[in-house]
Amino acid sequence: MWRARLARLQTLAYDSNVILMPSALFTPIQLRDLTLANRIVISPLCQYSAVDGTAQPWHWMHLGSFAVSGAGLVILEATAISPVGRISPQCLGLYSDANEDALTRLLADLRHFSNIPMGIQLSHAGRKASTRPTWDLWKGHGVPAEEGGWRPVGPSPEAFTTGWQTPEELDHAGLARIRDEFVASTVRANRCGFDWIEIHCAHGYLLHEFLSPLTNHRTDEYGGSAEKRARFPLEVAQAMRAAFPSGKPLGVRITGEDFVPGGLTIDDCVRFAKSLRDIGIDYVTPSAGNVAPGMKIPPVVPGYLVPFAERVKRETGITTMTVGMIVEAHQANNIIASGKADMIAIGRAIMDDPRWPWHVAAKLGEKIALSPQYARSSPEHWPAYPMVHGSLPCQPEGQAKMGHATRE
Ligand SMILES: Cc1cc2nc3c(=O)[nH]c(=O)nc-3n(C[C@H](O)[C@H](O)[C@H](O)COP(=O)(O)O)c2cc1C
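Following the working numbering, the numbering of the sequence shown begins with 189 at its first residue and continues without gaps.
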């Protein structure tokens, strides 16, 4: 019985082009001194579960499961460089000794069972700060002072839209302070043991607000032309690059398009990526949207942001990560195999299934090392694997072992 099933599946396997090709997704990639075992990156995912910016038991659970996921890299959620840079009062921060101690302990604990490289996304929420966790947004956006809220800051004194707070316009001293805070958090991240930093310059947060003509109406040297609007994000990135060890990668999440008339376009994105490349930034992740209301988003279909990464990569040569609705093994592999991006970031799919990389590996006929405690649920050892996941691994050798349940 199992032989017949195996033969049928092997025929299917050999009929598929994808299976006969080596999988690009599971080839290593090196940035500076760090080599990722494969191209799957766990995207930063805000958890709104910190206290005074300090990680809590939830973060141990959340990152613990990602650490044994088999991904090539985990990037920790948007982590604020100051209390006023938090999106919500519950956001993670890296601005105090208590924040740093907790993340140092967290990374040390993960190192007991995983050597997965760990990155952190450093962020300032700008005018979109002092709002609520997504599940509490029905209460409104602005958090009042008595609930721990504060007045946000931004490039210009304009609220996101009605119901949001109007930010205080940053003066030159404020800009210098924020740049120094980004640097201070960079130094802390290195001390914690992070291998990688991503700067958040997308989704309508502070650095994106400087870049976009929709949100930056300054008349000084930080506003006006595209070059002037890029000045503050580039100053921050350059200062952080200088403060992070030269062997450790530092990249930027940027915006591919604002999707609002008059906003940033892919041409602006390419220009900005070139400037980042020229100051020694190692990679960019083009995301999109959320800087201003009135977005006209294209259909959010699988891989809808890939064309942005592809164009940036082709026209600048910088290493790119792509993100957004990447959900399936062959889709993910084809993005890398076709050279459209160098890495893929996975968000909701990995929250849904923290073993997503295991199953993708099995579908592509790859083997990844599982923690020994979990190895008996691997395709090689668990006869029910294809019943649960709907397909057998495509690797003939892996299939040959499928009929044998382990008995030890
Ligand atoms: C719960 C949640 C939290 C997120 N937090 C962040 C974040 O901290 N930083 C960021 O750049 N993007 C954040 N994002 C966006 C994701 O990183 C990712 O770009 C987006 O979900 C699209 O990828 P996906 O289709 O694989 O989920 C978040 C998304 C979700 C669903």
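For glycine and all other residues, C-beta sits at the position ideal for the given N, C-alpha and C.
No experiment lies behind these values; they were computed from the predicted model shown.
Within 10 angstroms of the beta-carbon of lysine 528 lie 16 or more other beta-carbons, which makes it buried. Residues of the same chain with a CB within less than 7 Å of the CB of glutamate 265, apart from the 5 flanking positions on each side, are Pro232, Leu233, Cys234, Gln235, Leu280, Gln309 in chain order.
Taking all protein chains shown into account, aspartate 446 has 16 or more neighbouring C-beta atoms within 10 Å of its C-beta and is therefore buried. Between ligand 1 and arginine 441, a heavy atom-to-CB distance of less than 7 Å is present. In the structure shown, glutamine 218 falls within a strand segment according to DSSP collapsed to helix, strand and coil. In this model, isoleucine 228 and alanine 255 are separated by some 12 Å (Cα to Cα).
Less than 8 Å divides the Cβ of proline 340 from the Cβ of glutamine 353. For the set Ala549, Trp570, Pro560, the Cα lying nearest the Cα of proline 210 is the one of Ala549. Between serine 237 and tryptophan 246 the beta-carbon gap is near 4 Å, inside 8 Å, which marks them as a contact. Taking C-alpha positions only, leucine 452 is separated from arginine 293 by approximately 40 Å.
Under the three-state reduction of DSSP output, isoleucine 228 falls in the strand class.
A Cβ-Cβ distance of about 5 Å is found for the pair tryptophan 544 and isoleucine 538, placing them in contact under the 8 Å criterion.
Residue state for alanine 268 is assigned as strand, using DSSP reduced to three classes. Closer than 7 Å to some heavy atom of ligand 1: that describes the Cβ of alanine 266.
Glycine 535 places its beta carbon 8 Å or farther from that of valine 500. Between leucine 261 and alanine 520, the CB-CB gap reaches or exceeds 8 Å.
Straight-line spacing of the CA atoms in isoleucine 385 and histidine 569 works out to 37 Å.
Annotation for glycine 535 indicates a beta carbon within 7 Å of some heavy atom of ligand 1. Relative to the non-hydrogen atoms of ligand 1, the Cβ of glutamine 278 never comes closer than 7 Å to any of them.
DSSP places glutamine 309 in the strand class (E or B) of the three-state scheme. By alpha-carbon distance to proline 449, the top candidate from Leu438, Ile442, Pro401 is Pro401.
Look at valine 472 here: in three-state DSSP terms it is strand. Shortest gap from the CB of leucine 282 to any heavy atom of ligand 1: 7 Å or more. Residue state for alanine 290 is assigned as helix, using DSSP reduced to three classes. Here serine 276 is actually not in contact with alanine 390; their C-beta atoms are around 18 Å apart, not less than 8 Å. Minimum Cα-Cα distance from glycine 468 among the listed residues Gly435, Arg429, Gly273, His360 corresponds to Arg429.
Distances from the CB of histidine 312 to the heavy atoms of ligand 1 are all 7 Å or more. Remark: the C-beta of proline 232 is in contact range of ligand 1, defined as less than 7 Å to any heavy atom. A direct Cα-to-Cα measurement between isoleucine 442 and isoleucine 556 gives close to 31 Å.
In terms of Cβ geometry, methionine 509 and threonine 473 form a close pair [threshold 8 Å]. Just measuring C-alpha positions, the residue of Ser566, Phe496, Glu503 sitting nearest isoleucine 532 is Phe496. Rounded to the nearest angstrom, the Cβ distance from serine 463 to leucine 422 is 6 Å, consistent with a contact under 8 Å. Not one heavy atom of ligand 1 is found less than 7 Å from the C-beta of methionine 509. Closer than 7 Å to some heavy atom of ligand 1: that describes the Cβ of methionine 513.
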